[in-house]
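Written below as structure tokens is the structure these notes are about.
Residue numbers (UniProt numbering): 1 to 467.
Printed below as a string of structure tokens:
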């Protein structure tokens, strides 16, 4: 055996192994389009397919394929065959075929690759129970969460504002990252009582953004061992969110408490993987909220007419509720009052439209034929299906001058605008930053409240001016 091992690792052996690997990849890339299947674009590089072109400009590349092949096509991307549906009138196909198009399999595999959560793959009951808990991000439970949110913004916003002396992009990025993380973490998990709370959250925040910076690579199934010290960073984050550590916090939210109860049904309380679940929940709460908040604040600072409209709207609301703008952030707004801020919501929606690149992904569980308005098309078991709303968000047929920021795009005669057309047809899914169906972001209501409150707080501060 030893001689054979040495022979394999000799130069001729390595050449042979490389040749065999390339042959295997080439054979994998020999897939041909079957009758009834969407157009197939494989590229010329085995396994990678069109990955390099896609990475350079994902949206531009997909739009170029749309012009050539139509709204539905399949590409080879990093060893995976992914069928894209780019026609917004066909998005409902994903929701009508949830049994054959699984989000669970994709989501659980992603959780394993990124957060080291292994049990979800084999335990559907736990997965189902954890998803039911997301109802606590709606209704009365959400109202309680928003009350805590406002209190934390009141306590933290002024402190961070005083530390920031100018509003160039780098400083705004740091400000938004700090605010979003600290406020979200404190609202969900409560206050740390066992030591220096400021130092603890600061270190947690620093490691979180190091981890988030490599998240897309982890999601692409690049082994964590090849990403420098990210394995160590991930383990530090999980350790900070174990059952033992969370017991040192006071005032955790109802949803975190309920998740902990469920996790303790399926793990022993000391299991390290419980911390991995809490890390996944924290990441979902912060990772997309932070860039959206940054761009909303950026556009408000860059567009004085938007800032003026938002400030006027907030002033009128506060006057109607008997509250006054003061030097401190001491207002109280209900969820219904937040919903009435038409121009602020329009700014946030327009930010989503310009900056959101999230997609809805499903694993195809069995060979399947879908019936669309343009005809039937076949999907193969094991492939993936992707709906990418960013294509719709930048469609000039739906949004005039889609490359421009228009703060009032989602208003009409001083009210919310909810009717948009493509051609002469009304379009239902004109803005979909939170996904669809089973993969629709469960924290979207909490995120909405956080964006509105922080955007309000920022828009009412005179020293927040673009540098």
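Don't be surprised by glycine CBs; every beta carbon is placed ideally from N, CA and C. Quick caveat, the model's predicted, so the values are computed rather than measured.
Taking only the alpha-carbon atoms, compute the straight-line gap between residue i and residue j and give it to the nearest angstrom.
i: residue 217; j: residue 113; result: 10 Å
i: residue 341; j: residue 308; result: 13 Å
i: residue 79; j: residue 39; result: 17 Å
i: residue 187; j: residue 413; result: 36 Å
i: residue 295; j: residue 355; result: 8 Å
i: residue 539; j: residue 191; result: Since the displayed the chain opens at 1 and closes at 467, residue 539 lies outside it and no answer follows.
i: residue 369; j: residue 98; result: 13 Å
i: residue 260; j: residue 390; result: 35 Å
i: residue 273; j: residue 59; result: 36 Å
i: residue 360; j: residue 159; result: 38 Å
i: residue 404; j: residue 345; result: 17 Å
i: residue 287; j: residue 115; result: 14 Å
i: residue 291; j: residue 173; result: 8 Å
First and last residue of the alpha helix (DSSP H) that includes residue i?
i: residue 473; result: Residue coverage of the chain in this structure runs from 1 to 467, which leaves residue 473 outside it and unanswerable.
i: residue 314; result: 304 to 320
i: residue 207; result: 197 to 213
i: residue 355; result: 342 to 355
i: residue 106; result: 104 to 115
i: residue 126; result: 124 to 132
i: residue 256; result: 254 to 266
Got a sec, what are the start and stop residues for the beta strand (DSSP E) residue i sits in?
i: residue 470; result: This structure does not reach residue 470, given that the chain is present from 1 up to 467, and the question cannot be answered.
i: residue 97; result: Element bounds for residue 97: n/a, residue is neither H nor E.
i: residue 83; result: 80 to 85
i: residue 281; result: Element bounds for residue 281: not the beta strand (DSSP E) but the alpha helix (DSSP H), 273 to 286.
i: residue 369; result: 368 to 372
i: residue 418; result: Neither: residue 418 is in no beta strand (DSSP E) and is coded neither H nor E.
i: residue 379; result: 375 to 379
i: residue 363; result: 360 to 364
i: residue 387; result: 384 to 387
Quick one: is residue i buried, meaning 16 or more other Cβ sit within 10 Å of its Cβ, or exposed?
i: residue 128; result: exposed
i: residue 401; result: exposed
i: residue 332; result: exposed
i: residue 234; result: buried
i: residue 366; result: exposed
i: residue 276; result: buried
i: residue 49; result: buried
i: residue 57; result: exposed
i: residue 240; result: buried
i: residue 53; result: buried
i: residue 418; result: exposed
Which residues in the same chain have their Cβ closer than 8 Å to the Cβ of residue i, if we skip the five residues on either side of it in sequence?
i: residue 32; result: 40
Looking only at its own chain, which residues have a Cβ that is under 7 Å from the Cβ of residue i, when we skip the five neighbours before and after it?
i: residue 306; result: 299, 300, 347, 407
i: residue 117; result: 111, 273, 276, 277, 280
i: residue 242; result: 272, 274, 275
i: residue 265; result: none
Residue i: which of the options sits nearest, CA to CA?
i: residue 396; options: 47, 63, 54; result: 63
i: residue 388; options: 370, 266, 378, 362; result: 362
i: residue 335; options: 147, 102, 70; result: 147
i: residue 381; options: 55, 42, 83; result: 83
i: residue 248; options: 184, 200, 371, 139; result: 200
i: residue 252; options: 183, 415, 75, 209; result: 183
i: residue 211; options: 197, 122, 133, 227; result: 227
i: residue 432; options: 101, 89, 372, 47; result: 89
i: residue 68; options: 86, 338, 144; result: 86
i: residue 202; options: 237, 230, 171, 213; result: 237
i: residue 106; options: 364, 244, 422, 313; result: 364
i: residue 339; options: 351, 126, 215, 314; result: 314
i: residue 77; options: 194, 385, 214; result: 385
Excluding the 5 residues preceding and the 5 following residue i in the sequence, name in chain order all residues of the same chain whose CB lies nearer than 6 Å to its CB.
i: residue 420; result: 398, 427, 430
i: residue 378; result: 36, 37, 369
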